[in-house]
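K.L.:
Residue numbering for the first sequence is 200 to 477, as defined by the working numbering.
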Amino acid sequence: MPEGHTIHRLAKDLSGLFQGQAVAASSPQGRFDAGAATLSGRTLTATDAWGKHLFLEFADDGLGPEQLLHVHLGLYGSFRRGPGAAPAPVGAIRLRLVSERGWAELRGATTCELLDPAGQERLLLRLGPDPLRPGADVARVVDRFGKSRVAVAGVLMDQSVLAGVGNAFRAELLFRHQIDPFLPAAALPRPSVEALWADLVTLMRAGVRNDRMITTRPEHRGKAKGTVSRGDQYYVYHRAGEPCRVCGALVAKEEFQTRSLYWCPTCQPEGSGSTPRE
DNA sequence: TCTGCATGAAAAA
DNA sequence: TTTTCCTGCAGAG
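1. Report the rounded CA-to-CA distance for residue 402 versus residue 414, giving the unit in angstroms.
2. Anyone know if the C-beta pair for residue 434 and residue 444 falls short of 8 Å?
3. Take residue 277 and list the residues in its own chain whose beta-carbon comes closer than 7 Å to its own, dropping the five residues that flank it on each side.
4. Can you tell me whether residue 318 is buried or exposed, with buried defined as 16 or more other CB within 10 angstroms of its CB?
5. In chain order, what residues of the same chain lie with their CB nearer than 7 Å to the CB of residue 348, ignoring the 5 residues before and after it?
6. Following the continuous alpha helix (DSSP H) through residue 404, name the residue where it begins and the one where it ends.
7. Would you mind reading off the limits of the alpha helix (DSSP H) that contains residue 205?
8. Roughly how many angstroms lie between the CA atoms of residue 231 and residue 468, to the nearest whole one?
9. Leaving out the 5 sequence neighbours to the left and right, which residues in its chain are closer than 6 Å to residue 392 when beta-carbon positions are compared?
10. Would DSSP call residue 369 helix, strand or coil?
11. Looking at the unbroken beta strand (DSSP E) that takes in residue 266, where does it start and where does it end?
12. Counting along the chain, where does the beta strand (DSSP E) carrying residue 310 start and finish?
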């Protein structure tokens, strides 16, 4: 399920499965026939991720210019993968990759396309710093927060401000820092923005390692995906009407810019976050 | 077994 | 502003 940590993990896994290998590509569903034909037989040379965007680079291999595959999973896209032989095809598989080492299947993605270098550059220009990328420019993020009158909840999910945060990370992060989601971003003190960023770096890295989001109890960190219930995994995300883990008040939920926003009205009261915490 | 929601974002209207 | 992508899951029954 796709927030930034998922995509970075995916890039890592696909590199392990295919990098340096000739890959057979096909589109059983048919919607990516031309792209798959262009890629098939080429060697995967690198994988990369920026925010929620995944990139796979393919070599020339005498088949034409190098190719760059761009994938965005959107809300319910998935990229299943594994070593060994591919499973029998089920459902609408937009893209299937197979090498001697393993397989991968893409379903339900919002975007699956071949990009030229100019296209990738245009895309990256729209994206803010990614907490999972080394050397990310925190100052730029702090600057954008300081100039925005939009609610923090909106700015955190604005991919041009900061790339990789989705609805779950947003809810969990604001709870962890006891910030009113509706507070204008500019009202957040600079050290608070820096603290948010630092927390994201830690949480998202843990997310990549564990291949799932971990924002609550550290003792869950070593546990495998699927062994921790949603109730144990989050503070407030998807817990509307349930008691807050800290104060017991009921978690609130409201539609905000077409997405569900979750928060604790007691731990994150109106105006909270506008003064630095001691 | 069935139903409705959901960790996005771009295109269409 | 609505539609698309058309999956996967939890919770209800």
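Ideal Cβ placement from N, Cα and C applies to all residues, glycine included.
P.N.:
Based on what the coordinates show:
1. Cα to Cα, the separation comes out at about 6 Å.
2. Going by C-beta atoms, residue 434 is nearer than 8 Å to residue 444.
3. Taking residue 277 as the centre and dropping the five residues before and after it, the same chain places the C-beta of 306, 307 closer than 7 Å to its C-beta, in chain order.
4. By the neighbour-count criterion, in which a residue is buried when 16 or more other Cβ atoms sit within 10 angstroms of its Cβ, residue 318 is exposed.
5. Beyond the five residues adjoining it in sequence on each side, residue 348 comes within less than 7 Å, by CB distance, of 383, 385 in the same chain, given in chain order.
6. From DSSP, the alpha helix (DSSP H) with residue 404 extends over 389-409.
7. Start and end: 203-217.
8. Their backbone Cα atoms lie some 48 Å apart in a straight line.
9. Only 341, 344 meet the Cβ criterion.
10. In this structure, residue 369 counts as helix in the three-state DSSP scheme.
11. Bounds of the beta strand (DSSP E) holding residue 266 are 266-271.
12. If you look at residue 310, you'll find it in the beta strand (DSSP E) that goes 310-314.
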